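*Asks:* The structure is given below, and queries will be raised subsequently.
Numbering (the working numbering), first residue to last: 1001 to 1325.
Below, the structure written as structure tokens:
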């Protein structure tokens, strides 16, 4: 009879210890999420400040470009330009410059809207975790009291394993999230490269005498590349924030896709075509460099994630061994 009572008491103590460990694990996960969102908000605040600074610069640049266009469109300015026979060429180029700045300004404004939307989501998450640190401290205190009341020699090691498992789970989740963000960024960058590849093929065709139709195809691909680049930059911004959570600092930037190229249709000749072809090649190489960095970073994250998974499996095996002995 005594033996049965002893077994029941031991089982009750194990159940209580397991419940206490689960409580600490859940509380610890909430604290880790709180810490993660706090870091993400700091990164977002920095990104938003950078974009707002860029907007100020671009607005000033656009005002200058529009002033140049207005000057050439003005009667006296147009008269002076006509004396040199370059009025239409200068006006077309100035309008192209202004349009390029306007497109960059619109893109950065859209990027700011995305960042502000992400910030609102983070703030909502932070509000849901209000008090998480206090709850974790209280759970630790309750577990400490339970361990002090327990004479089981396994109690201390089980408590250490519970904390290590909580950290391993949180680390694994953060690495999975970073990897997912990296995969999305890699896909978005690949889309930019595809559009630039189409532009490069059309540009090669143009060099071989493709004429106006080749120009039209080339410019269409460049506009697609410009739009894809803004979406890819958003994905890279999100990836960089996820990297902060796993201790990696990075600020990947895509090169600007020169939207002024469409104006070259006014001045189409072999020299302009060659210069434009070189620009496309340089831009594609710069984007390829970002793609290579993204792929290398993904491999690094995957290796770390696998190490964490093996560590977690080892902890679970030891915990099961202790509870089964």
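No residue lacks a Cβ here, since even glycine has one placed at the ideal position from N, Cα and C. Quantities reported herein were computed from a predicted structural model and do not represent experimental measurements.
The ligand ADP and residue 1110: does the residue's C-beta get closer than 7 Å to at least one heavy atom of that ligand?
*Replies:* In the structure shown, the ligand ADP is absent, as is every other ligand, since no ligand is present at all.
*Asks:* Grab me the residues of residue 1241's own chain with a C-beta within less than 6 Å of its C-beta, minus the 5 sequence neighbours each way, in chain order.
*Replies:* The sequence position of residue 1241 within the chain shown is 241, counting from 1. If we look at residue 1241 and ignore the five residues flanking it on each side, its Cβ neighbours are 1040 and 1043.
*Asks:* Whose C-beta lies closer than 6 Å to the C-beta of residue 1286 among residues of the same chain, with five residues either side of it excluded?
*Replies:* Here residue 1286 refers to the residue found at position 286 when the chain shown is read from its first residue. So the list reads 1255, once near-sequence residues are dropped.
*Asks:* Take every Cβ of the segment 1162 to 1182, pair it with every Cβ of the segment 1050 to 1066, and state whether three or more of those distances are shorter than 8 Å.
*Replies:* no
*Asks:* If you run the structure through DSSP and keep just helix, strand and coil, what is residue 1315?
*Replies:* Start at 1 with the first residue of the chain shown, and residue 1315 comes out as number 315. Three-state result, residue 1315: helix.
*Asks:* Could you check how far apart the C-beta atoms of residue 1235 and residue 1184 are, in whole angstroms? I think they sit under 8 Å.
*Replies:* Residue 1235 sits at position 235 when you count from the first residue of the chain shown. Residue 1184 sits at position 184 when you count from the first residue of the chain shown. About 5 Å; that satisfies the 8 Å criterion.
*Asks:* Kindly list the residues whose CB is nearer than 8 Å to the CB of residue 950, restricted to its own chain and excluding five residues on each side of it in sequence; keep chain order.
*Replies:* With the chain covering only 1001 through 1325, there is no way to say anything about residue 950.
*Asks:* With three or more C-beta pairs closer than 8 Å as the rule, is the segment 1184 to 1196 touching the segment 1221 to 1232?
*Replies:* yes
*Asks:* Can you tell which of 1188, 1126 and 1027 has the C-alpha that lies nearest to the C-alpha of residue 1166?
*Replies:* One-based indexing of the chain shown puts residue 1166 at position 166. Out of 1188, 1126 and 1027, 1027 has the C-alpha closest to the C-alpha of residue 1166.
*Asks:* Roughly how many whole angstroms lie between the Cα atoms of residue 1156 and residue 1308?
*Replies:* Working through the chain shown from its first residue, we reach residue 1156 at position 156. Working through the chain shown from its first residue, we reach residue 1308 at position 308. Straight-line Cα distance between these residues: approximately 23 Å.
*Asks:* Should residue 1299 be labelled buried (16 or more other beta-carbon atoms within 10 Å of its own) or exposed?
*Replies:* Translated into positions along the chain shown, residue 1299 becomes position 299. Exposed.
*Asks:* Can you find the residues in the same chain that come closer than 7 Å, C-beta to C-beta, to residue 1161, ignoring five residues on each side of it along the sequence?
*Replies:* By 1-based counting over the chain shown, the position of residue 1161 is 161. Here the set comprises 1315, 1318 and 1319.
*Asks:* Going by alpha carbons, who is nearest to residue 1230 out of 1198, 1188 and 1251?
*Replies:* In the chain shown, residue 1230 corresponds to position 230, counting from 1. Cα-wise, what sits closest to residue 1230 is 1188.
*Asks:* Identify whether residue 1250 lies in helix, strand or coil by the three-state DSSP scheme.
*Replies:* The count along the chain shown starts at 1 and reaches residue 1250 at position 250. Coil at residue 1250, not helix or strand.
*Asks:* Thinking C-beta only, is residue 1099 closer than 8 Å to residue 1072?
*Replies:* One-based indexing of the chain shown puts residue 1072 at position 72. One-based indexing of the chain shown puts residue 1099 at position 99. At the C-beta level, residue 1072 and residue 1099 stay beyond 8 Å of one another.
*Asks:* Rounded to the nearest angstrom, what separates residue 1129 and residue 1032 at their Cα positions?
*Replies:* For the purposes of this step, residue 1129 is taken as residue 129 along the chain shown, with counting starting at 1. For the purposes of this step, residue 1032 is taken as residue 32 along the chain shown, with counting starting at 1. Each residue's alpha carbon lies about 10 Å from the other.
*Asks:* Leaving aside the five residues before and after residue 1102 along the sequence, list all residues of the same chain whose C-beta is less than 7 Å from its C-beta, in chain order.
*Replies:* As a working mapping, residue 1102 is identified with position 102 in the chain shown. 1062, listed in sequence order.
*Asks:* Take residue 1190 and list the residues in its own chain whose beta-carbon comes closer than 7 Å to its own, dropping the five residues that flank it on each side.
*Replies:* Reading the chain shown from its first residue, position 190 is the one you call residue 1190. So the list reads 1291, once near-sequence residues are dropped.
*Asks:* Can you find the residues in the same chain that come closer than 8 Å, C-beta to C-beta, to residue 1262, ignoring five residues on each side of it along the sequence?
*Replies:* Taking the chain shown and counting its residues from 1, the one referred to as residue 1262 is at position 262. At residue 1262, the pLDDT of 40 sits below 50, so the modelled position is not reliable; the number obtained from the coordinates is stated separately. Taken in chain order, the residues that qualify are 1096, 1219, 1222 and 1223.
*Asks:* Note down the Cα distance separating residue 1091 from residue 1037, rounded to an integer number of angstroms.
*Replies:* For the purposes of this step, residue 1091 is identified with residue 91 of the chain shown, where counting begins at 1. For the purposes of this step, residue 1037 is identified with residue 37 of the chain shown, where counting begins at 1. Spanning the two alpha carbons is a distance of roughly 50 Å.
*Asks:* Using the Cα positions of residue 1107 and residue 1173, report the straight-line distance between them to the nearest angstrom.
*Replies:* On the chain shown, position 107 is the one that residue 1107 refers to. On the chain shown, position 173 is the one that residue 1173 refers to. Roughly 32 Å separates the two Cα atoms.
*Asks:* Measure the Cβ-Cβ separation of residue 1186 and residue 1306 and say whether it is below 8 Å.
*Replies:* By 1-based counting over the chain shown, the position of residue 1186 is 186. By 1-based counting over the chain shown, the position of residue 1306 is 306. Not a contact, by the Cβ cut-off of 8 Å.
*Asks:* Taking the straight line between their C-alpha atoms, what separation do you get for residue 1198 and residue 1303?
*Replies:* Your numbering for residue 1198 matches position 198 in the chain shown. Your numbering for residue 1303 matches position 303 in the chain shown. Using only the alpha carbons, I get a separation of about 34 Å.
*Asks:* Thinking C-alpha only, which one of 1067, 1105, 1118 and 1034 is nearest residue 1058?
*Replies:* Your numbering for residue 1058 matches position 58 in the chain shown. Here the closest residue by C-alpha is 1105.
*Asks:* How many angstroms separate the CA atom of residue 1249 from the CA atom of residue 1034?
*Replies:* Numbered from its first residue, the chain shown carries residue 1249 at position 249. Numbered from its first residue, the chain shown carries residue 1034 at position 34. Computed Cα separation, rounded: 19 Å.
*Asks:* Less than 8 Å between the beta carbons of residue 1200 and residue 1280, yes or no?
*Replies:* Counting from one through the chain shown, the residue named residue 1200 turns up at place 200. Counting from one through the chain shown, the residue named residue 1280 turns up at place 280. Contact flag set, yes.
*Asks:* Cα separation between residue 1270 and residue 1278?
*Replies:* Sequence index remark: in the chain shown, residue 1270 carries index 270 (1-based). Sequence index remark: in the chain shown, residue 1278 carries index 278 (1-based). Bear in mind that a pLDDT of 46 at residue 1270, under 50, signals an unreliable position, so the number given afterwards is only what the model happens to contain. If you take the alpha carbons of residue 1270 and residue 1278, they lie about 12 Å apart.
*Asks:* Using only alpha-carbon positions, find the residue among 1047, 1154 and 1023 that is nearest to residue 1132.
*Replies:* Indexing the chain shown from 1 puts residue 1132 at position 132. With distances taken between Cα atoms, residue 1132 lies closest to 1023.
*Asks:* Quick one: grab the DSSP three-state call for residue 1129.
*Replies:* Here the question's residue 1129 lines up with position 129 in the chain shown. In this structure, residue 1129 counts as coil in the three-state DSSP scheme.
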